[in-house]
Amino acid sequence: MDGYMSSKVAVITGAGRGLGRSTALKLAQQGVGIIGTWNSDAASAEAVAGEIEELGCKCAMLKLDVSRSETFSDFGDEVCKALDQTFERTNFDFLVNNAGIGVHASFVDTTPEQFDRLVDIHLKGPFFLTQTLLPYLHEEGSIVNVSSGLTRFALPGFAAYAAMKGGIEVLTRYLAKELGPHGITVNTIAPGAIETDFGGGSVRDDQDVNEFVAQNTALGRAGVPDDIGGAIAAMLSEGNRWMTAQRLEVSGGMFI
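Just so we're aligned: the sequence shown equals residues 1 to 256 in the UniProt record's numbering.
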């Protein structure tokens with residue numbers, strides 16, 4: 001087991017399913033303790049916690065709605081409590097801002113309500129959650145913000161969603177600049193189309209969509225969660241301590 005990673009703790013939003021679950025398990029396989037968040041599915045979160053503990057790692061799963069920034073102060077208190085009671089620590093090492101939803105709507109059909117919800121979850125949420133948790137992030141820690149391949153290539157129906165992810169990519173560079181003096185690295189990972197329940201599970205469940213993705217991807221298939229979880233774990237490894245303010249697309253070569 002990697003000695004560098006085995007002494008670390010990661011906070012991962014949306015750790016009960018999809019990319020967050022894979023990231024939590026990939027990090028736990030390297031000995032990283034996990035504080036994960038979930039919003040609507042307690043059973044899935046408990047199942048992930050069980051898998052992490054079977055790997056020999058400690059885990060705490062906390063409820064969090066990333067769209068409700070007014071709750072972040074109380075959530076910060078819960079993180080402190082988990083660090084103390086579960087990990088016997090006062091800080092953590094990695095923050096992965098992963099939680100999100102998919103909204104598919106053409107530009108002309110996007111409603112203010114849809115737009116505002118995307119802002120709250122994908123932009124305002126990570127901004128103020130990072131701000132809240134920053135005092136507990138270890139000096140020389142790392143932040144990974146999850147973006148999307150849709151900030152590079154455009155597909156109809158994702159204008160609002162991609163705009164939020166574009167904002168996250170700019171925020172990443174500003175955080176890298178401002179947190180650099182503390183030795184904290186901040187990077188973006190931009191997944192391509194992945195077979196999860198995200199956005200109604202279309203890439204996973206709709207054969208036509210899946211084939212479209214595969215035909216437009218250099219490696220000839222749609223992505224799976226472990227493609228991203230493994231990449232995030234690699235981004236947080238000791239060998240990446242000199243990388244910051246970068247956008248890494250992990251899409252299998254989609255639309256190149």
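Cβ coordinates follow ideal geometry from the N, Cα and C atoms, glycine included.
Quick check: what's the CA-CA separation for T151 versus G157? Taking the sequence shown and counting its residues from 1, one reaches residue 151 at position 151. Taking the sequence shown and counting its residues from 1, one reaches residue 157 at position 157. Inter-residue distance for T151 and G157 is about 13 Å (C-alpha atoms, whole angstroms).
What residue from G33, S40 and D84 has the CA that sits closest to C59's CA? Reading the sequence shown from its first residue, position 59 is the one you call residue 59. For the residues G33, S40 and D84, the minimum Cα distance to C59 belongs to G33.
Start and end residues, alpha helix (DSSP H) containing A163: In the sequence shown, counting from the first residue as 1, residue 163 sits at position 163. First-last of the alpha helix (DSSP H) with A163: A159 to L179.
Within the same chain, show all residues whose beta-carbon is closer than 8 Å to that of P225, passing over the 5 residues directly before and after it, in chain order. Start at 1 with the first residue of the sequence shown, and residue 225 comes out as number 225. For P225, same chain residues with a beta-carbon under 8 Å away, outside a window of 5 residues either side, are G18, L19, R21, S22, I194, E195 and T196 in chain order.
Give the DSSP-derived three-state secondary structure of K63 in the structure shown. Walking along the sequence shown from the start, residue 63 turns up at place 63. In the structure shown, K63 adopts extended strand secondary structure according to DSSP, grouped into three states.
Relative to the alpha-carbon of S251, which residue among T244, A214 and M235 has its alpha-carbon at the smallest distance? Start at 1 with the first residue of the sequence shown, and residue 251 comes out as number 251. Nearest option by C-alpha distance: A214.
Which of the three DSSP states is assigned to P156 in this structure? Start at 1 with the first residue of the sequence shown, and residue 156 comes out as number 156. P156 sits in coil when the DSSP states are folded into three classes, being neither helix nor strand.
Quick check on this structure: which residue in G239, M235 and D84 has the alpha carbon closest to the alpha carbon of A190? The residue labelled residue 190 in the question sits at position 190 within the sequence shown. Closest option to A190, Cα to Cα, is M235.
Compare the Cα-Cα distances from D41 to each of K63, K8, S237 and L83 and report the closest residue. For the purposes of this step, residue 41 is taken as the residue at position 41 of the sequence shown. Residue K63 is the option with its Cα nearest to D41.
Identity of the residues DSSP links to R247 by a beta bridge: For the purposes of this step, residue 247 is taken as residue 247 along the sequence shown, with counting starting at 1. In the DSSP assignment, R247 is bridged to T188.
Can you determine whether any heavy atom of the ligand PLP sits closer than 6 Å to the C-beta of F158, and answer yes or no? With respect to the ligand PLP, the structure offers nothing, as it holds no ligand at all.
According to DSSP, is L27 helix, strand or coil? Translated into positions along the sequence shown, residue 27 becomes position 27. L27 falls in the helix class under three-state DSSP.
Quick one: is K81 buried, meaning 16 or more other Cβ sit within 10 Å of its Cβ, or exposed? As a position in the sequence shown, residue 81 is number 81, starting the count at 1. Label assigned to K81: exposed.
Please name the residue in G76, V108 and A159 whose C-alpha comes closest to that of E95. Position 95 of the sequence shown, counted from the start, is the residue given in the question as residue 95. Checking the sequence, you will find Leu at residue 95 rather than Glu. Comparing Cα-Cα distances from L95 to each of G76, V108 and A159, the minimum goes to G76.
Assign L83 to buried or exposed, taking buried as 16 or more other Cβ atoms, counted over all protein chains shown, within 10 Å of its Cβ. For the purposes of this step, residue 83 is taken as the residue at position 83 of the sequence shown. Residue environment analysis places L83 among the buried positions, since at least 16 neighbouring C-beta atoms fall within 10 angstroms of its C-beta.
First and last residue of the alpha helix (DSSP H) that includes E195? Numbered from its first residue, the sequence shown carries residue 195 at position 195. Premise fails: E195 is in no alpha helix (DSSP H) and is neither H nor E.
Tell me whether H122 is buried or exposed, calling it buried when 16 or more other Cβ atoms sit within 10 Å of its Cβ. Looking up residue 122 in the sequence shown gives position 122. Label assigned to H122: buried.
Any idea what DSSP makes of E238, helix, strand or coil? Here residue 238 refers to the residue found at position 238 when the sequence shown is read from its first residue. Helix at E238.
For L175, which of L248, P112 and F128 has the nearest alpha-carbon? As a working mapping, residue 175 is identified with position 175 in the sequence shown. With distances taken between Cα atoms, L175 lies closest to F128.
Per DSSP, I34 forms a beta bridge with which residues? The count along the sequence shown starts at 1 and reaches residue 34 at position 34. In the DSSP output, where bridge partners are listed per residue, I34 has A10 and C59.
In its own chain, which residues sit with a C-beta less than 7 Å from the C-beta of L133, not counting the 5 before and 5 after it? In the sequence shown, residue 133 corresponds to position 133, counting from 1. Same-chain partners within the cutoff: V11, G76, V79 and L95.
Proximal residues to G220 (C-beta, below 7 Å), its chain only, five neighbours per side dropped: Taking the first residue of the sequence shown as 1, we reach residue 220 at position 220. Here the set comprises A214.
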